[in-house]
Amino acid sequence: MAEWTFAALTAEPEVRARWERVRRYFFLRESTYDMTRRCNIRCEGCYYFEGDKQHAAEHGDPDAWRALMRAERDRGITYVVLAGAEPSLVPELLRVCHEEMPLGAIASNGIMHIPRAVGYRIHVSVWGNDETSARIRGARHMLARQIENYKGDSRAVFVYTFTPHNIDEAGDVVATLAREDCKVTFNMFSAPVGYSGRLRHTPESLARTRRTMTELLARHPDHVLFSPYNAVAHTHRLGLHDLFGCSYPRRNPSTDLGLGRSFRQYRTDLEWDRDAACCVPDTDCPDCRHYAAGSAVVTARLFRHATDPDTFRSWLDYVDTYLAVWVVDYTKGRNLCERMTAPPGFGLD
Amino acid sequence: MAVAMELDQLILNIAGIMIRELKLEDVTPETFDPDLDLVDEVGVDSMDLATVALVLRDQYRVRIDEDDYPKLKTLRLISQYIHGKLAAGA
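Residue numbers (the numbering used here), protein chains in the order written: chain A, 1 to 349; chain B, 1001 to 1090.
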């Protein structure tokens, strides 16, 4: 097969325009921050309560957080991901972070509303329907409470995490969210290190999840922020590290450039550990299919995807999805490649 | 001498590509210090480098392996890398 030049791959106006649009955001440099050890619910398989990070002291002084954000800005960080336990429990710290660093996202369970003054993307976690949520998160009427808090709020994206046991529920949940005009994207349960519970995916559940994601994308194109390539990358039998080579310090020994150089994962005591630095710490790396990981790992592999029109368009769709999910006011375009494309060097399954 | 001239010209050409692709301001191919650290002193990152690598692939028909990115710390090193590949292919 003849090799495509980059100029030929970007020759079509629609592709060129998308490339020019997404590359304006290449300045984003992220780090992540645990804001508090507290949470108002306790979910089965929660990553925060795995490993050592839950035992770090909580540093709730807004001045210390302000100083940290300024120092982060000085070393080139342009985007913050604020996570937990549950960040909505420390709104004053969220406000300080936003004042110092205008771009970012908050991972929240959505039970408490985050003040409008905090202009970050808010990722509201959804783990199934209300019955399932009550069972594995111990919270009743979860979806209704989340919708009540975030309906009509342009900051919010609902993140439906697929486990092997909630695949069939996704249709109703996404239909409800679409009816309420809420945006949705998809995540995959990825096992924490040593996890032997029932939420770990199987080849059968991965295949079924891919079909469901694809159907829901087709059924709700105005509300589901996803693409066929997202579905392939996150439901492949191989995890993200094996498919693309994870860029986060925990798996990437290089400190020369990219995430291996800039990324830090701060705990609630404002300390960080390079050996543990990862978008979702304590995940079992071979099983990692997190949406957050993919946003960095797949996006970073531009060169690998500039091989042929379908692969390059699929990569553009992935980056377009990533930006729509993570950046307030970025509107997702229509997907440029509607067919399933294999990750470079691999098959589809 | 001819090879040295050729490398100098390559540095100028690649400087022009980097300035154009990365929209670098206040610098021309002639004033671009080829020994500046691209990450620490120019602000280039992995996505920038991948973009430049794709354009260089088009321009010189030379592939820059992703594993080699960390070695390409300066404009001179990139130019020497391309120069070496061109020489090997000649």
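Where is the CB? At the ideal position from N, CA and C, for every residue including glycine.
Since the model is a prediction, treat every value here as computed from it, not as a measurement.
- Under the three-pair Cβ rule at 8 Å, the region 230-245 of chain A counts as touching the region 289-304 of chain A.
- The beta-carbon of residue 1042/B is placed no less than 8 Å from the nearest beta-carbon of chain A.
- Contact annotation: residue 62/A and residue 82/A have beta-carbon atoms that are not nearer than 8 Å.
- Neighbours of residue 1046/B in chain A, taken as residues at a C-beta separation under 7 Å, are given in chain order as 257, 258, 300.
- Residue 1057/B has a beta carbon lying within less than 8 Å of a beta carbon in chain A.
- Under a criterion of Cβ atoms nearer than 9 Å, the residues of chain A adjacent to residue 1066/B are, in order, 245, 301, 303, 304.
- In this structure, residue 318/A keeps its C-beta atom at 8 Å or more from the C-beta atom of residue 248/A.
- Distances from the CA of residue 165/A to each of 38/A, 205/A, 178/A were compared; the closest alpha carbon is that of 205/A.
- At least one C-beta of chain B is nearer than 8 Å to the C-beta of residue 7/A.
- The beta-bridge partner set that DSSP reports for residue 159/A consists of 125/A, 185/A.
- Using a CB distance cut-off of 8 Å, residue 1050/B counts as an interface residue toward chain A.
- Proximity of chain A to residue 1054/B at the Cβ level (cut-off 8 Å) is accounted for by 6, 302, 303, 306, in chain order.
- In its chain, beyond the 5 residues on either side, 91 have a beta carbon closer than 6 Å to the beta carbon of residue 115/A.
- For residue 104/A, DSSP records a beta bridge to 80/A.
- For residue 1010/B, the closest of 1056/B, 1026/B, 1025/B by C-alpha to C-alpha distance is 1056/B.
- Scanning chain A for C-beta atoms nearer than 7 Å to the C-beta of residue 1081/B yields nothing, as the closest lies near 15 Å away.
- The distance from the Cβ of residue 70/A to that of residue 100/A is about 6 Å, consistent with a contact at the 8 Å cut-off.
- Judged by beta-carbon spacing, residue 279/A lies beyond the 8 Å limit of residue 78/A, meaning their Cβ atoms are not closer than that value.
- DSSP places residue 262/A outside any beta strand (DSSP E); the residue lies instead in the alpha helix (DSSP H), whose first and last residues are 259-262.
- The alpha carbon of residue 180/A has as its nearest neighbour, out of 200/A, 295/A, 151/A, the alpha carbon of 151/A.
- Nearest in C-alpha terms to residue 212/A, of all of 197/A, 196/A, 187/A, is 187/A.
- In the three-state scheme derived from DSSP, where H, G and I count as helix and E and B as strand, residue 1065/B is classed as coil.
- Closer than 8 Å to the CB of residue 1062/B there is not a single CB belonging to chain A.
- Within chain B, 1070 have C-beta atoms less than 7 Å from the C-beta of residue 254/A, given in sequence order.
- In this structure residue 66/A is in contact with residue 96/A, their Cβ atoms being roughly 5 Å apart against a cut-off of 8 Å.
- Each residue's CA atom was taken as its position, placing residue 1018/B and residue 257/A some 17 Å apart.
- When CB distances to chain B are screened at a threshold of 9 Å, the residues of the region 20-49 of chain A falling below it are 23, 26, 27, 29, in chain order.
- Taking the beta carbon of residue 1039/B as reference, the chain A residues within 9 Å of it are 256, 257, 261, listed in sequence order.
- Annotated three-state conformation of residue 132/A is helix, per DSSP.
- According to the DSSP assignment, residue 88/A belongs to no alpha helix (DSSP H), since it is labelled neither H nor E.
- According to DSSP, residue 272/A shares a beta bridge with 266/A.
- The residues 1022, in chain order, have a CB closer than 7 Å to that of residue 1048/B in the same chain once the five nearest residues on each side in sequence are set aside.
- Residue 14/A sits exposed, since fewer than 16 C-beta atoms from the chains shown fall within 10 Å of its C-beta.
- By the beta-carbon neighbour count (other beta carbons within 10 angstroms, threshold 16), residue 154/A is exposed.
- In the DSSP annotation of this structure, the continuous segment of the alpha helix (DSSP H) that includes residue 321/A starts and ends at 309-326.
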